[in-house]
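Protein chains: 2
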Amino acid sequence: MSFLDHIRACNAHDLSGFRPFELEGHRLGWVRHALAEQLPGVDPGFVVTADRVTLAPEVRDFEARSSVLEHAARFLVETGAVSALRGEFYPVAPAWGAEPLMRIDRAVVAQFGVAAYGLHVNGFVRQPDGGLSLWIGRRARDREVAPGKLDNMIAGGQPIGLTLAENLVKEAQEEAGIDAALASRAVPVGAVTYRMETEAGLKQDTLFLYDLELDADFVPQNTDGEVERFELWPLDRVAESVRATKDWKFNVNLVVIDFMIRHGRLTPEEPGYLEIVRGLRR
Amino acid sequence: MSFLDHIRACNAHDLSGFRPFELEGHRLGWVRHALAEQLPGVDPGFVVTADRVTLAPEVRDFEARSSVLEHAARFLVETGAVSALRGEFYPVAPAWGAEPLMRIDRAVVAQFGVAAYGLHVNGFVRQPDGGLSLWIGRRARDREVAPGKLDNMIAGGQPIGLTLAENLVKEAQEEAGIDAALASRAVPVGAVTYRMETEAGLKQDTLFLYDLELDADFVPQNTDGEVERFELWPLDRVAESVRATKDWKFNVNLVVIDFMIRHGRLTPEEPGYLEIVRGLRR
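These protein sequences, in sequence, are chains A and B. Under the numbering used here, the first residue of the first sequence is numbered 1, with each subsequent residue one higher. Under the numbering used here, the first residue of the second sequence is numbered 1001, with each subsequent residue one higher.
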């Protein structure tokens, strides 16, 4: 493994296996050909040609469009492609911050290749010698995604109807037992993006990044069962672990690499530095 | 003006006006068609077709190749396209960190569209309330490039034969009167890249970025005449100035925008945030 290998793994995909999912001239996502061809049988609101998947013009408003996607989501559960719906909804919009055209159950976001957003918080401690340590979570073994893998102190998907700031407060409480006052000290520091083909479909993810500096005596407490335990690692141990292992949740590698770049642990002398810097934002 | 306007201005170019400058299968740069067609008359070492500019296979080693480029550089001075050579040389290499295939006078880098590298240091002060202020330089009025414009505290091109760390120490001394001990506290924090067409040709620049935190009582002192005066500006004033004016050296806008992103002054709620984040690394 290398830093670049993690970035490449998160960007491996072949769009020839997909066709665009479009609405009102916007490309909203990508659907595998096999699923695309099934969709008109699932709901007549889907209009599918060899070139694209779209919705019929008479499916006009937010609720009607969301309902068509909901039928597709239930179909994917029936066929066993998806184990269960989440009841948590993501916006489907032409761009970040734009008005959503519809909502989609989080469980089928990749099947439609829709852009998804999340937030990741690097909880760090400045050591007396000036070095940094990072709080990392070991994910619970019963998780469906990345069981037992290493994770950021706080991370979560961005659902419809919450601002990033509201979601940060909610996730900080659930994942690390951090109250709103402390959570509000997290500093937004950028974003990582990637496009990755998975068994489910195409993940087009944007992770909004935050740094939260913590006192030396602070210890995060998980409250929602997602994290088995937290550990405070010096940045050198983090760097070696990311470089040499697959112990980290796939996309958290990118968040941690970005943290190391911004804090001078990964420098221009590192082989492939510019490819790494660029590879974090596609 | 807007933050995105500055990024777009630094990336405006039309490659149809250029042909690739290649060697040993590597694309090293881009040359305007009119110059390309003149080059074989300048030195028989140039081999020019409708598709590309390259060097003849018998021009084999570093010195011989550099000599061919030197002839082109002198030709550009003779024709008046370039006012004078600099006698400061940039490496021409397939990638950052790779062995240079030749050197090129800094004055004609854009005429060959060769990748150029520089370093920019954000000198900042943490205020008692936690806010940040940035030391900015007002460039001397007699400079050929961007006279009177606002600049980073320290900035300089990366010549052949110096490491980044060596160049940082040199530029810190020349531009801000900062000694090696203080300069070595600058933290590398990433890179900004852009590709911009200018009258001279194509600028393909990578700026390595550093943050240097300074004590409240520190005042930079210019020693080489490049800076007319230094001022310490609160980040809000920096943000409004970048957003609303053309007072900054064109590429320093990008460095300052990146600083504001990494330090939470520019947040995901900013319109076009993701386009800005991505636009800084092409």
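All C-beta atoms, glycine included, are put in the ideal place defined by N, C-alpha and C.
Worksheet item: Is the shortest distance between the beta-carbon of Tyr1273 (chain B) and the beta-carbons of chain A less than 8 Å?
Response: yes
Worksheet item: Quick one: does the C-beta of Phe1218 (chain B) sit closer than 7 Å to a heavy atom of the ligand ZN?
Response: What this structure holds is no ligand at all, so the ligand ZN is not there to describe.
Discussion item. Here's the rule: buried if 16 or more other CB atoms are within 10 angstroms of the residue's CB, otherwise exposed. What is Gln1204 (chain B)?
Written reply: buried
Practice prompt. Leaving aside the five residues before and after Pro1044 (chain B) along the sequence, list all residues of the same chain whose C-beta is less than 8 Å from its C-beta, in chain order.
Written response: Ala1056
Fill in: Backbone secondary structure at Asp1005 (chain B) - three-state DSSP
helix
Worksheet item: The alpha helix (DSSP H) with Glu1226 (chain B) in it runs from where to where?
Response: Run containing Glu1226 (chain B): none; DSSP gives neither H nor E here.
Practice prompt. Examine chain B for any beta-carbon lying closer than 8 Å to the beta-carbon of Val277 (chain A), and answer yes or no.
Written response: yes
Worksheet item: Taking only beta-carbon atoms, is Pro1188 (chain B) less than 8 Å away from chain A?
Response: yes
Fill in: Cβ-based contacts, 8 Å cut-off: residues of the stretch 184 to 209 of chain A near chain B
Val187, Pro188, Val189, Gly190, Ala191, Thr193, Thr206 and Phe208
Item to complete: Determine the extent of the alpha helix (DSSP H) in which Arg237 (chain A) is found, giving its start and end residues.
Response: Leu235 to Ala244
Worksheet item: In chain A, which residues lie less than 9 Å from Ile1257 (chain B) when you measure between Cβ atoms?
Response: None at all; the shortest Cβ gap to chain A is about 11 Å.
Discussion item. Would Tyr194 (chain A) and Asn251 (chain A) qualify as a contact pair, given that the criterion is a beta-carbon distance under 8 Å?
Written reply: yes
Worksheet item: Can you name the residues of chain B whose CB is closer than 7 Å to the CB of Leu164 (chain A)?
Response: Pro1268
Worksheet entry | Cβ-Cβ separation, Ala186 (chain A) to Leu207 (chain A) (assumed contact under 8 Å), whole Å | Not confirmed; about 14 Å, so no contact.
Worksheet entry | Burial state of Thr163 (chain A), where buried means 16 or more other Cβ atoms lie within 10 Å | exposed
Item to complete: Could you tell me which uninterrupted alpha helix (DSSP H) segments, each at least 4 residues in length, are contained entirely in the stretch 1132 to 1176 of chain B, listed from first to last along the chain?
Response: 1164 to 1176
Discussion item. Would Phe46 (chain A) and Met153 (chain A) qualify as a contact pair, given that the criterion is a beta-carbon distance under 8 Å?
Written reply: no
Worksheet item: Would you call Gln1158 (chain B) buried or exposed, if buried means 16 or more other Cβ atoms sit within 10 Å of its Cβ?
Response: buried
Practice prompt. Could you check the C-alpha separation between Glu144 (chain A) and Glu199 (chain A) for me, to the nearest Å?
Written response: 14 Å
Discussion item. Which residues in chain A have a C-beta closer than 9 Å to the C-beta of Gly1148 (chain B)? List them in chain order.
Written reply: Those within 9 Å of Gly1148 (chain B) in chain A number zero; the least Cβ separation is about 30 Å.
Item to complete: Identify each residue in the stretch 1109 to 1125 of chain B for which the Cβ-Cβ distance to at least one residue of chain A is less than 7 Å, and report them in chain order.
Response: none
Worksheet item: Count the other CB atoms within 10 Å of the CB of Ser1184 (chain B); is the residue buried (16 or more) or exposed (fewer)?
Response: exposed
Item to complete: Ignoring anything shorter than 4 residues or poking outside the stretch 33 to 114 of chain A, list the alpha helix (DSSP H) runs there in chain order.
Response: 33 to 42 and 62 to 78
Worksheet item: Since Glu22 (chain A) is in the alpha helix (DSSP H), which residue starts that stretch and which ends it?
Response: No alpha helix (DSSP H) holds Glu22 (chain A); the beta strand (DSSP E) holding it covers Phe18 to Leu23.
Discussion item. Can you give me the C-alpha to C-alpha distance between Pro1100 (chain B) and Pro1094 (chain B), rounded to a whole angstrom?
Written reply: 7 Å
Item to complete: Less than 8 Å between the CB atoms is what I'm expecting for Glu58 (chain A) and Val48 (chain A), so what's the real figure, rounded?
Response: Not really, about 16 Å apart at Cβ, beyond 8 Å.
Discussion item. Would Thr223 (chain A) and Gly177 (chain A) be called neighbours here (beta carbons separated by less than 8 Å)?
Written reply: yes
Worksheet item: Using a C-beta to C-beta distance shorter than 7 Å, which residues of chain A count as neighbours of Ile1154 (chain B)?
Response: Simply none; closest approach about 16 Å.
Discussion item. Counting only Cβ pairs nearer than 7 Å, list the residues of chain B close to Arg262 (chain A).
Written reply: Val1189, Gly1190 and Arg1262
Practice prompt. Measure the Cβ-Cβ separation of Arg1032 (chain B) and Phe1021 (chain B) and say whether it is below 8 Å.
Written response: no
Practice prompt. Go to Val1219 (chain B), then tell me how far its beta strand (DSSP E) extends in each direction, as first and last residue.
Written response: Element bounds for Val1219 (chain B): n/a, residue is neither H nor E.
Item to complete: Closer than 9 Å by beta-carbon distance: list the chain B residues that pair up with Arg143 (chain A), in chain order.
Response: None at all; the shortest Cβ gap to chain B is about 26 Å.
Worksheet item: Are Leu119 (chain A) and Arg138 (chain A) close, meaning C-beta to C-beta below 8 Å?
Response: no
Worksheet item: What's the gap between the Cα of Val1238 (chain B) and the Cα of Leu1134 (chain B)?
Response: 8 Å
Item to complete: Note the first and the last residue of the continuous beta strand (DSSP E) segment covering Glu1197 (chain B).
Response: Val1187 to Glu1197
Fill in: Buried/exposed call for Glu1219 (chain B), threshold 16 Cβ in 10 Å
The question names Glu, yet the displayed sequence has Val at residue 1219 (chain B). Val1219 (chain B) comes out exposed.
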